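There are 4 protein chains.
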Amino acid sequence: MHEIDLNKIIDRCDLVNDINISNSKITYLKKKIRVEKINIDKNLSKLINKRSGKYISLLFEDVTDIDNRNNLVNVLTSELNELLNEKHLVGKSSLVVGLGNNLSTPDSLGPKTIDNIITTRHLFLTSKLDKNYSSVAKISPGVFASTGIESYDIIKGIIKEIHPNFLIIIDALSSTNIKNVNRIIQITDSGIDPGSGVGNERKELSKKSLGIETIAIGIPTVVNLHTIVRDLLKDYNVENVLKNDNNNYLVTPKEIDFVIEKLSFVLSKSINNALHKLTK
Amino acid sequence: MHEIDLNKIIDRCDLVNDINISNSKITYLKKKIRVEKINIDKNLSKLINKRSGKYISLLFEDVTDIDNRNNLVNVLTSELNELLNEKHLVGKSSLVVGLGNNLSTPDSLGPKTIDNIITTRHLFLTSKLDKNYSSVAKISPGVFASTGIESYDIIKGIIKEIHPNFLIIIDALSSTNIKNVNRIIQITDSGIDPGSGVGNERKELSKKSLGIETIAIGIPTVVNLHTIVRDLLKDYNVENVLKNDNNNYLVTPKEIDFVIEKLSFVLSKSINNALHKLTK
Amino acid sequence: MHEIDLNKIIDRCDLVNDINISNSKITYLKKKIRVEKINIDKNLSKLINKRSGKYISLLFEDVTDIDNRNNLVNVLTSELNELLNEKHLVGKSSLVVGLGNNLSTPDSLGPKTIDNIITTRHLFLTSKLDKNYSSVAKISPGVFASTGIESYDIIKGIIKEIHPNFLIIIDALSSTNIKNVNRIIQITDSGIDPGSGVGNERKELSKKSLGIETIAIGIPTVVNLHTIVRDLLKDYNVENVLKNDNNNYLVTPKEIDFVIEKLSFVLSKSINNALHKLTK
Amino acid sequence: MHEIDLNKIIDRCDLVNDINISNSKITYLKKKIRVEKINIDKNLSKLINKRSGKYISLLFEDVTDIDNRNNLVNVLTSELNELLNEKHLVGKSSLVVGLGNNLSTPDSLGPKTIDNIITTRHLFLTSKLDKNYSSVAKISPGVFASTGIESYDIIKGIIKEIHPNFLIIIDALSSTNIKNVNRIIQITDSGIDPGSGVGNERKELSKKSLGIETIAIGIPTVVNLHTIVRDLLKDYNVENVLKNDNNNYLVTPKEIDFVIEKLSFVLSKSINNALHKLTK
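Residue numbers (the numbering used here), protein chains in the order written: chain A, 648 to 927; chain B, 648 to 927; chain C, 648 to 927; chain D, 648 to 927.
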């Protein structure tokens, strides 16, 4: 009987929480939400195969509970405010991007969040708004397999035409741990690889590739089947029972449509709050 | 080390193909579609925990291929015609029902099929149509967790008001074998349990409970995670690695949105053909 | 030159506000919302061709303004509470019905409102909820031309199966006055004729026809083209310039999609408040 | 009593058929579809306030009839083939753009057509397709009031990144004649002004502004209310009865949702045929 060679199965994971890191992490609890902050420097970046940058994770319980949800909006708004402040982006013009496929429930987090983002750029073009508002535009670029155009090309093209000061990108992520699904919001200034979680390599979306500050906000909504199976078997001396095509199967909670609706509400409300100072 | 007690994990499966039956099956190949027909009598019914009745299964390859898809429409139309003929339902009035949740991609097969069913009942109420058409009405009752009403109650209520001669019910099923997902159309006159595949027990929809002939057409679009895990482990003497909540996770192919679109096209086109004699 | 014979053009209107009534009306202003209450008795009913019963109209300004919108939610919640109280329906079980066509923007008010109604009937079937909640189920029956089934038959059928204590029916109305479009919420206990505003006669939905208290909540979202044309010409001695087919054209404000979203928010939030005592 | 000064009301119209032109027009009947071709040169362009270029109009009867619809697909495919051939665009790479608002039924023609456009650009990037296929990408840029970004900026940006050889742009138009609504397909190489029909001036989309051949395909789906009213009154010496805000009201046929579905089918099928030589 052979050991499974775990190294042969290279897992893509979008979540820094999926990796055990001994590095110094800042951790605190705010309104029952656990906040973890870590900076991944170049050395660590190579070691764990995650882009270097700042990672803020909000760990929460069941978001279908209204109290949890309101707490989450409060904490996310406050963390976004802090990040925008740190990066001198308060009041600056932004483009909010919702990655993903509106027709596939677990992948619809980005487009569904975009639906409720309040845009103001068209109003700023003709008049002056209240100083609480900043100029916000938005786009859901769709998916490569449908449009035939990479998200990168659409976003890069729009940036060149309308020159926003920074990007906020929302995407559904994949996790290697089923316990993290729909339980973590990850904010990072290191950018994102569209579709990376589901194994489709695309041009990265980042400050480096796009030329402007890029804040990515993601929530894991799926796990690859082969990841779960490997994980379940890791303590046993069993042969590799993985079928190759397991890589093409996704695992989601049954009630995913209901949860996505609540998660997209949390993201759109918090982003609107942070960009427009709608609440203190 | 303990053996896994498979009996403790009671799998619900909607597909007769998931069960090994030695009984006499009629099997033939038509336009590359494998057709399997089996009658489950009362004795067998108890043995395998499937309702007694006639089961027709169409086994096919990738439905995103246009030739496969057209073949499938031809074979399904012809099998439906034969069944309607056998049951003396040709030209009789029908209610076509699409079970499932339009907001959850793998569960949206029923509602998406209903979108393209051609209804004529409203026209028959005021005038006489061409004899090729039969009176057809349709409904997507939604899901219990959303409407607060069981599909059974909605359908039973409508039947009492409009008195159709028979029902056609479309539903996404769950399989115990990932190889069957999106690869089998199962037609049966034995009725259906809404949501049974995903573990939510509901009042059965059948000739017995509803009082009229009930033809159920289903396609497996998901597998429960715990089924897959158990299946993968069945040849190994390993401990039960299943987490309880695995029962709440569904496994679907990544490209499910695209496949559901094609499958719902096949079902609606074939049903329209059979009910309205749109093609010979 | 002939006078236009206005009597030959029989307008259907859904709004009591479209008719000049000298009868005693109770009128007051609450948070900038004008509330008008009138009882139409049998005599008046014949005279003006409106069903007898209680009519409560809320007249408001632009609902896309957030302050107007919040005021409207407050006043509508309070009027609904008062009506439920008067009719001894507080805490009783209800079925909320959204009439109309989700695919046609001005007619989608009912289905869009239903999307956000909080249902509890399925929870009450298995457990006891907090006393603030009442048992609520919901349905969007679709439109006759699509389903082939009259809304009446679907609703009547469901009532017989699940026995709610009362109905709340939401529908987009038509007005004869373009100034009323998207500016009035009409609540009545006299029931509703589905599709009446757009000239499609259907079985009435009322306490009389359905057997249980029926509260209809409607908002005019369209005007028939021929009504507007006639109205514009009424002071001139011109020939009848109306084309017959003008009766098949509807007039809506350009920004109807945006307004419907806000109006359906107001209705669903107020109904949820009133049925579940979510706010005081 | 004053005459109405028609000149003071400048109507925007998108249809060349709305204008009486005595110039030489090529006209023929093909499968019951009337085809009209006209070249507008610079002089005529100034006179009638329409951009210069080639205009091909297909005039047809009720598209909800299946025979009319199939005829229309045949004729449109053939006219598109001829135009692509003339302009040496056969086999060249294209970007298909659907302008308009998916949430507003009469304005959803563009996005709904895009839904069914077959894209291949992503496949060409990794492999060689059958020579019948050309490289096709697609985008629905959404509307300015929602995204805060002009369609021009999105399209221009994408063109710069992916360099298609030509554009096909689909848009719902407005007409000044209610008889033309849903009865004409207009193809032109002169470009389009997004939202012009409904009075919102935007940057033009044309070969001149975008740098590549731009074929616009439009169908009138609305008429402005004030246009209809003025039209009805033009033979009478009556005062201007137009209210200013009539400019904000649109007139559509009642059954617009059903017609848009059929029209978008005709457009997507014909464009797919022409770009991919799917039928001869």
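For each residue, glycine too, the CB sits at the ideal point set by N, CA and C. All values reported here derive from a predicted model rather than from experimental measurement.
When DSSP states are grouped into helix, strand and coil, residue 780 of chain D belongs to the coil group.
Following the DSSP letters along the chain, one finds residue 668 of chain B in no alpha helix (DSSP H), marked with neither H nor E. Here residue 858 of chain B is exposed: its Cβ has fewer than 16 other Cβ atoms, across all protein chains shown, within 10 Å.
Listed by position along chain A, the residues whose Cβ is nearer than 7 Å to that of residue 800 of chain D are 805, 808, 809.
Look at residue 898 of chain D here: in three-state DSSP terms it is strand.
If you check each beta-carbon in the segment 783-795 of chain B against every beta-carbon of chain C, the ones closer than 9 Å belong to 783, 784, 785, 786, 787, 788, 789, 791, 792, 793, 794, 795.
Per DSSP, the continuous beta strand (DSSP E) segment holding residue 742 of chain A begins and ends at 741-745. Non-local C-beta neighbours of residue 801 of chain B in its own chain, meaning closer than 6 Å and more than five positions away in sequence, comprise 788, ordered along the chain.
DSSP, read as helix, strand or coil, puts residue 714 of chain C in helix. The beta carbon of residue 919 of chain A lies closer than 8 Å to those of 763, 764, 765, 925 in the same chain, with the five residues before and after it left out. Residue 920 of chain C: not part of any beta strand (DSSP E); member of the alpha helix (DSSP H) spanning 903-923, first to last residue. The criterion of a C-beta distance shorter than 8 Å is not satisfied by residue 813 of chain C and residue 851 of chain C.
Along the segment 891-921 of chain D, going in chain order, the ones with a CB nearer than 7 Å to a CB of chain C are 895, 896, 897, 898, 899, 900, 901, 903, 904. Secondary structure remark: continuous beta strand (DSSP E) runs of at least 3 residues inside the segment 683-727 of chain C, in chain order: 700-706. The beta carbon of residue 872 of chain B sits closer than 8 Å to some beta carbon of chain A. Per DSSP, residue 762 of chain C is one residue of the alpha helix (DSSP H) stretching across 756-762.
It is roughly 12 Å from the alpha-carbon of residue 695 of chain A to the alpha-carbon of residue 661 of chain A. A buried status is given to residue 873 of chain D, since no fewer than 16 other beta-carbon atoms sit within 10 Å of its beta-carbon. Residue burial annotation: residue 726 of chain D is buried, with at least 16 other C-beta atoms found within 10 angstroms of its C-beta.
Scanning its chain for C-beta atoms nearer than 8 Å, with the 5 sequence neighbours on each side dropped, one finds around residue 923 of chain B the residues 765, 767, 779, 780, 781, 783, in chain order. When Cβ pairs closer than 8 Å are counted between the two stretches, the segment 672-685 of chain A is seen to touch the segment 706-726 of chain A, the count reaching three or more. Neighbours of residue 769 of chain B across chain C, judged by C-beta separation under 7 Å: 791, 792, 795.
Note that the C-beta distance between residue 837 of chain D and residue 853 of chain D is below 8 Å. By the C-beta criterion, the segment 748-758 of chain D is judged to be in contact with the segment 900-913 of chain D, since at least 3 inter-stretch pairs fall below 8 Å.
A distance below 6 Å between beta-carbons, with the five flanking residues on each side excluded, links residue 835 of chain B to the following residues of its chain, in chain order: 700, 702, 863.
Restricting attention to beta strand (DSSP E) runs no shorter than 3 residues, the segment 769-839 of chain C encloses them at 783-786, 813-822, 831-835, ordered along the chain. For the set C:733, C:829, C:692, the Cα lying nearest the Cα of residue 896 of chain D is the one of C:829.
Within the segment 730-753 of chain A, contact with chain D at the beta-carbon level (separation under 7 Å) is assigned to no residue. At least 8 Å separates the beta-carbon of residue 769 of chain C from that of residue 921 of chain B. Counting the other Cβ atoms within 10 Å of the Cβ of residue 737 of chain A gives fewer than 16, which makes it exposed. Interface criterion met: the Cβ of residue 766 of chain C is under 8 Å from a Cβ in chain B. With respect to chain C, the C-beta atom of residue 722 of chain D has no partner C-beta closer than 8 Å. Beta bridge pairing from DSSP links residue 681 of chain C with C:676, C:706.
Your pair residue 910 of chain C and residue 866 of chain C checks out as a contact, with CB atoms roughly 6 Å apart and the cut at 8 Å. Bounds of the alpha helix (DSSP H) holding residue 854 of chain B are 854-857. Residue-level contact by beta carbon holds for residue 879 of chain A and chain B, with a gap shorter than 8 Å.
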